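Comments concern the structure below.
Chains as they are written, first to last, in the working numbering: chain S, 112 to 572; chain L, 3 to 561.
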């Protein structure tokens with residue numbers, strides 16, 4: 112028993128992978144800076160959580176960890192602009208407008224998908240509410256500090272955001288009509304438009320009520336303040352430009368519809384998510400100043416996803432839209448490098464343009480481009496060392512750093528496996544883990560359906 | 003005629019006295035002395051050989067040099083040990099139907115999904131004229147629904163529990179709990195303190211209404227607390243100057259939250275995993291609530307924060323264990339699960355070391371006899387026996403605000419005593435006597451350990467059942483005949499949905515019942531899957547008919 116306790120203690124400690132070292136020198140790598148081209152035989156110095164220097168023959172202090180990266184590639188940590196990892200629940204689908212709910216409340220820092228994403232060189236996630244309603248919940252931008260408390264995951268200074276959604280998911284096209292069960296409004300794209308307009312009309316009134324109160328209370332201190340409404344407060348922030356809108360959408364007409372509403376109420380859509388028909392209205396999206404966060408070549412999974420082409424990224428980019436490639440899937444999130452690479456094949460984006468799709472561009476879409484998205488002195492030390500060019504399917508991540516700390520290390524992972532096997536053997540012999548003589552049948556693993564294309568009604572087990 | 007009536011009355015009274023000698027004692031004797039016993043006072047050193055005197059429901063004296071008063075009924079305590087009565091700090095005891103099952107307070111071996119299913123069936127109690135739907139009514143008072151008696155209370159007393167916190171079974175704002183003595187003829191006699199705390203569970207409403215997700219639960223809790231703050235302010239303005247002020251609408255739900263927001267009433271939040279506990283701590287900090295964690299399976303991982311914020315834990319002794327049989331083709335269990343089960347037994351010891359105060363609770367375990375055997379497991383895994391005793395006595399008394407009445411053997415405290423032959427934590431010890439409010443309680447031998455075995459005696463599912471199925475199309479009643487062979491169920495249905503044999507029938511040893519049958523709905527043959535739980539001779543659960551809205555069912559049988 113004592114041995115077991117000791118073993119558990121060790122593994123519990125190893126769960127936190129952050130190294131105590133504050134300085135790391137990566138030597139002689141090919142550095143994909145994203146903003147300043149590809150630098151050969153270059154060193155990158157990470158110090159106190161920041162990129163301290165990029166250049167040749169850099170000197171580090173005596174206690175720095177030095178990694179020989181000869182033949183290897185250093186890339187900024189990948190930013191995934193559409194993720195539902197580490198959320199205990201994704202949709203609050205009971206109402207058409209759920210701007211009061213917050214993904215921040217349901218973070219699960221132990222979600223193993225996070226570790227798999229680190230192993231794919233991903234360091235930042237935009238955790239979005241699902242697409243069950245025209246106006247969904249509030250997002251959370253996190254750094255994948257796997258093993259640390261939830262409060263340390265939060266990306267400092269990231270712009271707050273909110274999820275909107277249009278089309279089939281919100282009008283519940285795939286929900287069968289059940290006798291006696293009333294359908295939730297809206298059931299058409301017209302209704303979706305009305306729902307959003309109604310919400311912003313209420314938000315505008317709410318803002319006016321508070322503005323009037325703040326004026327009046329200066330004269331009459333005993334005035335009762337208006338009721339705080341957690342549903343409308345975030346929409347007021349949208350109206351004031353303090354909160355980004357990330358809008359799930361598919362077809363050209365609904366994209367134009369949302370641009371019209373935004374213009375009418377005087378706010379901006381920060382990103383259109385999925386936006387499979389974005390190429391049809393690329394000029395209008397660019398004129399609005401919105402970004403697009405898309406899939407490389409995933410389509411046809413429902414009616415509104417039929418009219419898609421693999422040149423979406425290239426066409427939108429050339430129209431001047433800031434484009435990112437997102438995962439919207441714990442599985443795809445592990446290989447966003449390949450998603451970006453596809454844009455070089457379909458539509459001839461340059462290597463730098465393609466790299467930006469998963470680094471600097473999503474960072475811009477989340478308002479964190481001053482901190483991450485490229486390898487520049489002064490930016491956060493969120494980088495990954497790849498054993499080959501990240502656009503090759505044969506390349507793997509060796510090490511992933513966030514704020515200069517190691518959160519994934521392939522060598523250590525492999526070295527730890529025999530120890531884990533031993534721990535499993537010990538645990539399985541422990542009294543509470545022994546199967547009863549007469550018990551229920553073991554449950555088949557409940558998993559999210561893999562390859563599901565968006566996040567309408569999917570809940571994690 | 004009157005004479006005859008009077009005689010009958012006397013006769014029946016006599017009969018009562020003969021049948022129930024306990025009642026007779028109650029009126030006659032209120033002074034007891036347990037002599038020559040080992041006395042574990044908890045408040046001070048152990049008295050190796052002494053006397054405890056009970057008078058008028060209270061502890062009148064306790065010590066080595068105390069003599070039994072002449073009017074006392076003397077119990078020879080040679081070879082016995084007297085402890086303060088044990089407190090179970092989170093239960094659903096003394097509540098009416100639905101019958102005992104896993105409640106959200108549990109550290110749950112039963113599995114989360116089973117638990118959700120049960121909660122779905124167990125509609126929370128609803129207050130009249132509430133502004134909120136059931137499940138969001140903080141004004142619900144458990145003292146309004148407490149009922150004395152019942153076999154469950156008897157089995158809890160038989161393992162030495164004299165006092166229990168009893169709380170509503172489900173809901174988000176679950177309502178307000180009461181601390182009860184497990185004896186008394188009326189609810190009023192049982193209640194020691196009420197209300198004790200406000201209870202919050204984080205399970206979403208499953209009615210299709212908001213909130214239907216964990217995110218929505220948090221937002222709803224926040225919005226209602228904000229509304230309650232405003233309600234309090236509005237009421238204060240109105241009460242200062244009722245003439246000339248338009249009166250605010252009254253709202254019992256919001257009014258019930260005011261003591262909570264002012265920190266006068268603690269809030270018990272059900273939280274077991276590390277992240278659930280952290281979320282509870284965050285919410286409590288946001289609104290400056292006086293928090294108590296219930297469940298606490300992984301509380302040791304948050305021990306520093308709990309100690310720093312002075313948040314106690316009502317720690318579940320319903321320790322998780324594997325409930326599934328060995329099956330070579332099944333996926334291996336995740337390491338996380340394997341670790342959790344092992345670590346849950348160490349939680350109590352680690353909390354004690356970290357200085358986090360906790361009271362033990364049964365976590366709605368099925369068998370009262372698991373309470374002590376699981377407490378022993380925590381002792382084997384690092385908890386000092388004295389701390390284990392404290393977690394059953396003075397610590398919960400402090401956490402629940404009754405340290406002047408309960409939790410130790412001291413003069414003036416309520417005479418709740420648990421008397422054992424052998425040390426309480428010795429596996430071979432026996433409960434010899436239990437005193438509640440100064441009266442000896444009949445003890446029934448505890449049920450033998452292990453889960454309820456189905457297929458035997460009154461627990462067999464075999465027989466004829468009347469099943470009421472409630473779907474969107476309304477209620478329909480069918481007949482069901484079941485045969486049970488171990489965990490295998492066979493049988494047939496007949497009635498308005500057609501006749502057919504059931505398939506894939508099973509009954510688990512936790513009481514879960516499951517079978518599939520072809521039914522005839524509007525001229526079409528469809529598969530209907532029934533999942534339910536047996537409790538109090540009823541099976542309640544859900545029915546899923548392919549292509550139709552899900553429904554519920556209740557199966558009953560004669561007697």
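Heads up, the beta-carbon is just placed ideally off N, CA and C, and yes, glycines get one too. The structure displayed is predicted, hence computed values, not measured ones.
task: Report yes if the CB atom of residue 352 of chain L is closer than 8 angstroms to the CB atom of residue 384 of chain L, and no otherwise.
output: Going by C-beta atoms, residue 352 of chain L is nearer than 8 angstroms to residue 384 of chain L.
Chain S partners of residue 236 of chain L, CB-CB under 9 angstroms?
335
Use the C-beta contact count for residue 575 of chain L: other C-beta atoms within 10 angstroms, 16 or more gives buried, fewer gives exposed. Outside the modelled stretch of chain L, which goes from 3 to 561, sits residue 575 of chain L, for which no answer is possible.
Q: Kindly say whether residue 163 of chain S, judged by its beta-carbon, lies nearer than 8 angstroms to any beta-carbon of chain L.
A: no
Check your understanding: In the segment 332-368 of chain L, which residue ranges form an unbroken alpha helix (DSSP H) of at least 4 residues, counting only runs that do not cross its ends?
Key -> Counting only runs of 4 or more, we get 337-346, 349-356.
Next on the checklist: Between L/201, L/487, L/516, L/289, which has its C-alpha nearest residue 227 of chain L's C-alpha?
Outcome noted: L/289
Using a beta-carbon distance below 8 angstroms, is residue 328 of chain S in contact with chain L? no
- Query: By the criterion of Cβ-Cβ separation under 7 angstroms, what are the contact partners of residue 202 of chain S in chain L?
  - Reply: 215, listed in chain order.
Item to check | Residues in the segment 253-267 of chain S having any Cβ partner in chain L nearer than 9 angstroms | outcome: 260, 261, 262
- Item | Beta-carbon proximity list for residue 416 of chain L, same chain, < 6 angstroms, skipping 5 on both sides | 407, 408
task = Taking all protein chains shown into account, decide if residue 388 of chain S is buried (16 or more other Cβ within 10 angstroms of its Cβ) or exposed.
result = With 16 or more other Cβ atoms within 10 Å, it is buried.
Problem - Whole-Å CB distance - residue 34 of chain L paired with residue 74 of chain L, under 8 angstroms assumed - result: The pair is a contact, with the Cβ atoms about 6 angstroms apart (cut-off 8 angstroms).
> What number of angstroms, rounded off, separates the C-alpha of residue 101 of chain L from the C-alpha of residue 535 of chain L?
Replying inline: Here the model assigns residue 101 of chain L a pLDDT of 39, short of 50, so the residue's position is not dependable and the matter cannot be decided.
(request) Starting from residue 541 of chain S, find everything on chain L with Cβ-Cβ shorter than 8 angstroms and list it in chain order. (result) 340, 343, 344
Nearest to residue 354 of chain S by alpha carbon, out of S/144, S/255, S/272, S/175? S/272
Taking 8 angstroms as the CB-CB cut-off, is residue 351 of chain L touching chain S?
No, residue 351 of chain L does not count as interfacial toward chain S.
Considering only their Cβ atoms, is the gap separating residue 239 of chain S from residue 196 of chain S smaller than 8 angstroms?
It is not a contact, given that the beta carbons lie outside the stated cut-off.
Helix, strand or coil for residue 118 of chain S per DSSP? Note on residue 118 of chain S: pLDDT 38, under 50, position unreliable in the model; no value is reported.
Handout entry: In chain order, each beta strand (DSSP E) run of at least 3 residues that lies wholly inside the segment 390-468 of chain L
Key = Complete beta strand (DSSP E) runs here, min 3: 419-423, 432-438.
- Taking all protein chains shown into account, decide if residue 201 of chain S is buried (16 or more other Cβ within 10 angstroms of its Cβ) or exposed. buried
So, is the C-beta of residue 280 of chain L closer than 8 angstroms to a C-beta in chain S?
yes
(Q) Let me see if you follow: with CB-CB separation under 8 angstroms, is residue 345 of chain S close to chain L or not? (A) no
Practice prompt. For the segment 279-305 of chain S, enumerate the residues whose C-beta is nearer than 7 angstroms to any C-beta of chain L, in chain order.
Written response: Cβ contacts with chain L: 289, 290, 291, 292.
- Message: Only counting the same chain, and skipping five residues up and downstream in sequence, which positions put a Cβ closer than 6 angstroms to that of residue 465 of chain L?
- Response: 559
- prompt: Straight-line CA distance for residue 231 of chain L to residue 219 of chain L?
  reply: 18 angstroms
- Query: My guess is that residue 168 of chain L and residue 183 of chain L are in contact by the Cβ rule of under 8 angstroms, so how many angstroms apart are they, rounded?
  - Reply: Not really, about 11 angstroms apart at Cβ, beyond 8 angstroms.
* Starting from residue 497 of chain S, follow its DSSP beta bridges and name the residues at the other end. => S/184, S/508
> Residues of chain S with a CB under 7 angstroms from the CB of residue 232 of chain L: which are they?
Replying inline: Near residue 232 of chain L (Cβ distances below 7 angstroms), the residues of chain S are 338.
query = Alpha carbon to alpha carbon, what distance is there between residue 397 of chain L and residue 433 of chain L?
reply = 22 angstroms
| request: For residue 220 of chain S, return the contacting residues in chain L, with the cut-off set at a CB-CB distance below 8 angstroms. | output: 277
Beta-bridge pairing of residue 195 of chain L - partner residues as DSSP gives them:
L/181
Problem - Beta-carbon contacts of residue 394 of chain L that lie in its chain and below 7 angstroms, excluding the five residues immediately before and after - result: 88, 89, 362
Can you give me the C-alpha to C-alpha distance between residue 538 of chain S and residue 305 of chain L, rounded to a whole angstrom?
23 angstroms
By the criterion of Cβ-Cβ separation under 8 angstroms, what are the contact partners of residue 212 of chain L in chain S?
203, 205, 206, 209
State the beta-bridge partners of residue 486 of chain L as determined by DSSP.
L/491
In whole angstroms, what is the alpha-carbon distance linking residue 548 of chain L and residue 484 of chain S? Residue 548 of chain L and residue 484 of chain S have their C-alpha atoms some 49 angstroms from each other.
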